[in-house]
Structure formats: structure tokens, C-alpha cells
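Right, one structure below, let's go through it.
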Amino acid sequence: MIQSMTGYGKSVIQLPTKKISIELKSLNSKNLDVNARMPSMYRAKELDIRKTLAKHLVRGKIDFSLFVEITGEDTSSTINKTVVKEYIKQLKDVVDGNETELLKMAIRLPDAVTTERDDIDENEWKVIAQEIDSAVEKIVAYRTDEGQILYEDFVARIETIRSLLKRVIEMDPERIDGVRARLEKGIADIKEKVDENRFEQELVYYIEKFDITEEKVRLENHLNYFLSTIDSAGQNGKKLGFIAQEIGREINTIGSKSNYAPMQKLVVQMKDELEKIKEQMLNVL
4 MIQSMTGYGK SVIQLPTKKI SIELKSLNSK NLDVNARMPS MYRAKELDIR
54 KTLAKHLVRG KIDFSLFVEI TGEDTSSTIN KTVVKEYIKQ LKDVVDGNET
104 ELLKMAIRLP DAVTTERDDI DENEWKVIAQ EIDSAVEKIV AYRTDEGQIL
154 YEDFVARIET IRSLLKRVIE MDPERIDGVR ARLEKGIADI KEKVDENRFE
204 QELVYYIEKF DITEEKVRLE NHLNYFLSTI DSAGQNGKKL GFIAQEIGRE
254 INTIGSKSNY APMQKLVVQM KDELEKIKEQ MLNVL
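Each residue of the sequence shown is one higher than the last, beginning at 4 in the working numbering.
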């Protein structure tokens, strides 16, 4: 079953002193393109995160975000009391103000607050990694649901092309009779006697140039191949794209050979259905 490359997944976990939010968004792309945003302390795990995303999401433009909200007393930021006191002392020589106002100014100055980079707690990371897996599962489920919608649309359009092809096949003898009638009328109009055997030979040659038997058979085979591929396991977006190109080639050849307005109208309708398939195909994994 096909999957869409469009998806969204989110997972939130509450740890003793912080809340971790993991968010995944994906759009279509020819290759895997991961944009990862996270606090610097978790950058050491970025490669592992990318491997997980590549394994499960395969392709697409992926935005990965890991947000941290401190909810407990634990903090990596510390007020540098010595520096702040010195700032306040110097500020008193420059401006008038109470201690509270001077403190507000001092705390904004360089080195007033120091931030220590914490090492990752491996036990904590195991829990976070599980939540990343949970977010991945949600985005895969989202992609699968979107893929089902695309699947139903593709099958309906392929069957529409098949029904139009059936009408082309039914119309073909009428088209050939029309070609024969036009040639015979052309000969009659110039009032020339012709060798009947030679005329038949030329007629057969002319009709063979406009024969679409092979194109009809190949188009039918391509339609069947498309449907069997869309039902197979794995990521088949690129393969389905190639099959759609072959379908388009046969439709175009039928159109160029038909030389018959009613048949060309059917060809235009087939092209329209195929273009809609190709547009949606860009979003298939």
C-alpha cells in the first residue's frame, strides 16, 4: 500500500524537571532532507535521530523539532553573584536608582548569568528516544491514511482511462472504415481509373501507418501494471511515476495516429486523467 510523503506527528513527555515536546512534519521531496532543531545539549544525539528518521520515513522534506520546557527547580543557569555585585557598585557611580532597578540593569549585562552545558543523562535519553519513536509512528500512520486517499483516487482515475480506452477500441473499426471511405472518395473525385489490386495494397499500407493495435495492447498492460504495483509492498512512488510516463507515451501515440476527431476527444480525456495522477504522484513515497 502506498504512503503519502505529507505527514505530522507529535509526542509529549513529562520528566521530573522538564517537559519534552517532539514534533515531526514532512512534505514531498525527491530525496530525504532532514532539518533538525533541538537544544545544544542534545546535539550529540542528532546522528542517531537522523538514522531513525531515515529508516522509517525514507524520503521527504522532514522538519524535526525537540522542545524543552523547564518545569522543576533544576536549571543549568546560575547567577554570577560577584559579577552582579560589581556591576551594581559601578552603576551607583553612574546613575541614581534603588537596589531593585540597579539589579534589573546589572542582570542584563554580560557574564551576569552563566549557563553550564549539562551532559545527557542516558536513562533520560532512553525515555526521550522512545517518545521520538512514538512521534515517528504517528507520522507514519498519518502518511498511511493520506496514502489511502491517494490510492483510491489513483485507482478511480486508472479505471476511467481504461473505460475511455474501451471506447477507443470500440470506435476503431469505424475510424478505419472512415479512412477507407475518404481514400475511395478521393480517387472517385479525380475520376481516374485505378488498379484495384494496387489500390488495395496502398490502402493497406496507409491504414497500417494509422494502426493503433499495439498501442492499445501496451496501454492496457501498463494500466494493469500500475494497479498491481500500487498494491505491492514497499515504497513504489518512483516506480509508479515511471509507469505513468509509459501510459502517457501510449496515449500520445494513439492521439497522433488516430486522425479521427471523436477518438481524439477521448484521448484528450485520458490525458487529463493522467495529468491529475502525475500531479498527485509527486506526493507518493
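Glycine residues also receive a C-beta, built at the ideal position from the N, C-alpha and C atoms. If you're wondering where the values come from, they're calculated on a predicted model, not measured in any experiment.
Residue range of the unbroken alpha helix (DSSP H) whose run includes residue i
i	result
residue 245	240-261
residue 34	It is not in any alpha helix (DSSP H) - residue 34 carries neither H nor E in the DSSP assignment.
residue 4	Looking at the DSSP string, residue 4 is not in any alpha helix (DSSP H), and its letter there is neither H nor E.
residue 286	Looking at the DSSP string, residue 286 is not in any alpha helix (DSSP H), and its letter there is neither H nor E.
residue 83	Taken as a continuous stretch (DSSP letters only), residue 83 belongs to no alpha helix (DSSP H), as it is neither H nor E.
residue 54	49-60
residue 228	216-233
Backbone CA spacing between residue i and residue j [nearest angstrom]
i	j	result
residue 141	residue 25	11 Å
residue 254	residue 270	6 Å
residue 234	residue 4	5 Å
residue 227	residue 168	13 Å
residue 220	residue 145	38 Å
residue 183	residue 215	16 Å
residue 38	residue 166	44 Å
residue 89	residue 16	41 Å
residue 273	residue 12	37 Å
residue 284	residue 33	11 Å
residue 131	residue 28	18 Å
residue 129	residue 152	35 Å
residue 30	residue 217	39 Å
residue 86	residue 108	13 Å
residue 71	residue 22	6 Å
residue 147	residue 69	24 Å
residue 159	residue 236	20 Å
residue 161	residue 277	8 Å
residue 170	residue 62	39 Å
residue 40	residue 49	9 Å
residue 112	residue 100	17 Å
residue 268	residue 173	14 Å
residue 103	residue 95	12 Å
residue 66	residue 54	14 Å
residue 212	residue 246	26 Å
residue 280	residue 157	6 Å
residue 175	residue 256	14 Å
residue 138	residue 64	16 Å
residue 105	residue 43	32 Å
residue 18	residue 238	37 Å
residue 135	residue 143	12 Å
residue 258	residue 229	21 Å
Residue burial classification, residue i (beta-carbon count within 10 angstroms, cutoff 16)
i	result
residue 287	buried
residue 81	exposed
residue 36	exposed
residue 56	buried
residue 133	exposed
residue 225	buried
residue 240	buried
residue 47	exposed
residue 181	exposed
residue 93	exposed
residue 9	buried
residue 98	exposed
residue 124	exposed
residue 6	buried
residue 282	exposed
residue 264	exposed
residue 149	buried
residue 261	buried
Residue i: first and last residue of the uninterrupted beta strand (DSSP E) it sits in
i	result
residue 16	10-17
residue 71	63-73
Inter-residue CB distance, residue i and residue j (contact presumed, cutoff 8 Å)
i	j	result
residue 232	residue 243	6 Å
residue 185	residue 266	Going by Cβ atoms, the distance from residue 185 to residue 266 rounds to 15 Å, so no, they are not a contact pair.
residue 20	residue 74	6 Å
residue 83	residue 114	6 Å
**Item:** Continuous alpha helix (DSSP H) assignments of at least 4 residues falling wholly in the region 91-177
**Value:** Correct list: 102-110.
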